[in-house]
Amino acid sequence: MTRSSSSRLPTLWEGVSWAMERGSGGGGISRPHLVWRSIVATLRHAKALRRWMLMVHELKARGVVDDLPGEYLRAVRPYVQRHTDVTTRVVGLIDHIDWLETAFAPASLQRLFDGKAVVLAELPAPRGYEFMRLQLRRSSPQSPEGELLLTLSLQRSADVQRNALPVDAAVLAFSRFRIDGTSCLVIGGVRGQRSPVLRMSEQELKQALQGWKPSVLMVRVAQELARFWGLRLVGLDPAAHPLQGWSYQWSRRHREAAHRVFASYAVLWNHFGAKHGPLGWMVLPINSDEKLEAVALSPEKRARQVRRADYWIRMRKLLRARFGDVLHRAPVEARLSRVTEAFTVQDDDGYQDSEDVVPSRVLDSGPSSLN
Numbered sequence: 174m175t176r177s178s179s180s181r182l183p184t185l186w187e188g189v190s191w192a193m194e195r196g197s198g199g200g201g202i203s204r205p206h207l208v209w210r211s212i213v214a215t216l217r218h219a220k221a222l223r224r225w226m227l228m229v230h231e232l233k234a235r236g237v238v239d240d241l242p243g244e245y246l247r248a249v250r251p252y253v254q255r256h257t258d259v260t261t262r263v264v265g266l267i268d269h270i271d272w273l274e275t276a277f278a279p280a281s282l283q284r285l286f287d288g289k290a291v292v293l294a295e296l297p298a299p300r301g302y303e304f305m306r307l308q309l310r311r312s313s314p315q316s317p318e319g320e321l322l323l324t325l326s327l328q329r330s331a332d333v334q335r336n337a338l339p340v341d342a343a344v345l346a347f348s349r350f351r352i353d354g355t356s357c358l359v360i361g362g363v364r365g366q367r368s369p370v371l372r373m374s375e376q377e378l379k380q381a382l383q384g385w386k387p388s389v390l391m392v393r394v395a396q397e398l399a400r401f402w403g404l405r406l407v408g409l410d411p412a413a414h415p416l417q418g419w420s421y422q423w424s425r426r427h428r429e430a431a432h433r434v435f436a437s438y439a440v441l442w443n444h445f446g447a448k449h450g451p452l453g454w455m456v457l458p459i460n461s462d463e464k465l466e467a468v469a470l471s472p473e474k475r476a477r478q479v480r481r482a483d484y485w486i487r488m489r490k491l492l493r494a495r496f497g498d499v500l501h502r503a504p505v506e507a508r509l510s511r512v513t514e515a516f517t518v519q520d521d522d523g524y525q526d527s528e529d530v531v532p533s534r535v536l537d538s539g540p541s542s543l544n
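Numbered according to this note's numbering, the sequence shown spans residues 174 to 544.
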């Protein structure tokens, strides 16, 4: 996509021309569809788009972003929550950008804007792998699911594979914006391995994570992030996924894909006891689910449950120690409602300075660590 080198503020109709450029498609939308959405958005949501154009132009002038067309078109592309219009999307994007500069340490923020990953934790790598990491990075402009990616990345050792590339075993896409006036960490997507070449076997990954399902582990890490930042944790209601829209139901392929998406998210949210919130969203508890009890009858299964619980307890300690080095707690926010009121999270929600209740039937971790 062509980069804009002019110092003047581009017009909205230049944004339409950017949508026409070769390579502007992707992220689940074709180039003709993106052009049509851009024209409609320019006519119906001009005020919001001008505000977003000003924001991304300022970021470009500061050297924070280098792909002005791609960043602008984030607001035009369909979002993963299909009930989101362009104006709401712009407000969320600006909210997210403003929050980034308060939520990350300066060095970490610079790495994000440089397109590099911020490492949250170095985990014990399975045999034959150089490393296994939990890390954060910015998503591509074509991503419809969120502006940040939490990834579980592994790389094979040189003894096993020459010039090995990192494998994203699991990815959780999220953003931060307000829903009904409340600051939320919003999960837009949780997915597993996508590359047909760079892959780990399910058994290999299961052993590396001590029996944890990658998707469940990623949501648990998101819970820790939400607690640290003092945010409500919200996930996409699968009924609000774009594939559930009537226009996709004519295609059998789309119907089958919609069914798979719905089923996978329904199982994941049910596991965490999520409840229906505002239209299109599910509210997740901030504390981890309590499925850590060693209650199996057979000794073998009990031993696996203990290893699984022990692995998470140690990982959680490692994450909490690391967060202070790379992240910042956002300052207390304020909102206007006739008079200025400080926004605080109720104690009974358990957002900050809370501990998960670890069942007594789980053995203590002991002095061991994940390092």
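The beta-carbon is built from N, C-alpha and C at its ideal position, and this holds for glycine as well.
- Judged by their CB atoms, H269 and A413 are not nearer to each other than the 8 Å cut-off.
- S197 is positioned such that its CB atom lies closer than 8 Å to that of L246.
- L338 counts as exposed, since fewer than 16 other C-beta atoms from the protein chains shown sit within 10 angstroms of its C-beta.
- The alpha-carbon separation between R310 and S348 amounts to approximately 12 Å.
- Between Q383 and M373, the C-beta gap is not smaller than 8 Å, which leaves the two residues out of contact.
- Rounded to the nearest angstrom, the Cβ distance from F401 to R502 is 7 Å, consistent with a contact under 8 Å.
- Residue range 472 to 499 is occupied by the alpha helix (DSSP H) that includes G497, with no beta strand (DSSP E) assigned at that position.
- Assignment of M373 by DSSP, reduced to helix, strand and coil, places it in the coil class.
- Of all C-beta pairs linking the segment 414 to 426 to the segment 474 to 487, fewer than three are shorter than 8 Å, placing the two stretches out of contact.
- Within its own chain, the residues whose Cβ lies closer than 6 Å to the Cβ of Y484, once the five positions on either side in sequence are excluded, are Q383, listed in chain order.
- With a 10 Å radius around the Cβ and a threshold of 16 neighbouring Cβ atoms, M391 comes out buried.
- Under DSSP, D341 takes part in a beta bridge, and its partners are S326.
- Annotation for E318: V253, A346, G361, G362 place their beta carbon closer than 6 Å to its own, counting only its chain and skipping 5 residues before and after.
- Secondary structure at R364: strand, using DSSP grouped into helix, strand and coil.
- Look at S190 here: in three-state DSSP terms it is helix.
- C-alpha of P314 to C-alpha of Q376: approximately 33 Å in a straight line.
- Under the DSSP assignment, V456 falls outside any alpha helix (DSSP H), being part of the beta strand (DSSP E) whose first and last residues are 454 to 456.
- Annotation note: the segment 231 to 259 contains the following uninterrupted alpha helix (DSSP H) runs of length 4 or greater, listed N- to C-terminal: 241 to 245.
- Unbroken alpha helix (DSSP H) runs of no fewer than 4 residues, entirely contained in the segment 264 to 292, are found at 279 to 286, following chain order.
- When the alpha-carbon of Q308 is set against those of A248, R224, L398, V237, the nearest one is in L398.
- Rounded to the nearest angstrom, the Cβ distance from L416 to Y438 is 11 Å, too far for a contact under 8 Å.
- Just so you know, the alpha carbons of H230 and G188 end up roughly 12 Å apart.
- M193 and K233 have their C-alpha atoms spaced approximately 21 Å apart.
- For L309, the enclosing beta strand (DSSP E) has its first and last residue at 302 to 311.
- Less than 8 Å separates the beta-carbon of V359 from that of V407.
- Taking C-beta separations shorter than 7 Å and ignoring five residues to either side along the sequence, the partners of A221 in its chain run V259, T260, V263, following chain order.
- For E295, the three-state secondary structure derived from DSSP is strand.
- A distance below 6 Å between beta-carbons, with the five flanking residues on each side excluded, links L492 to the following residues of its chain, in chain order: A294, E397.
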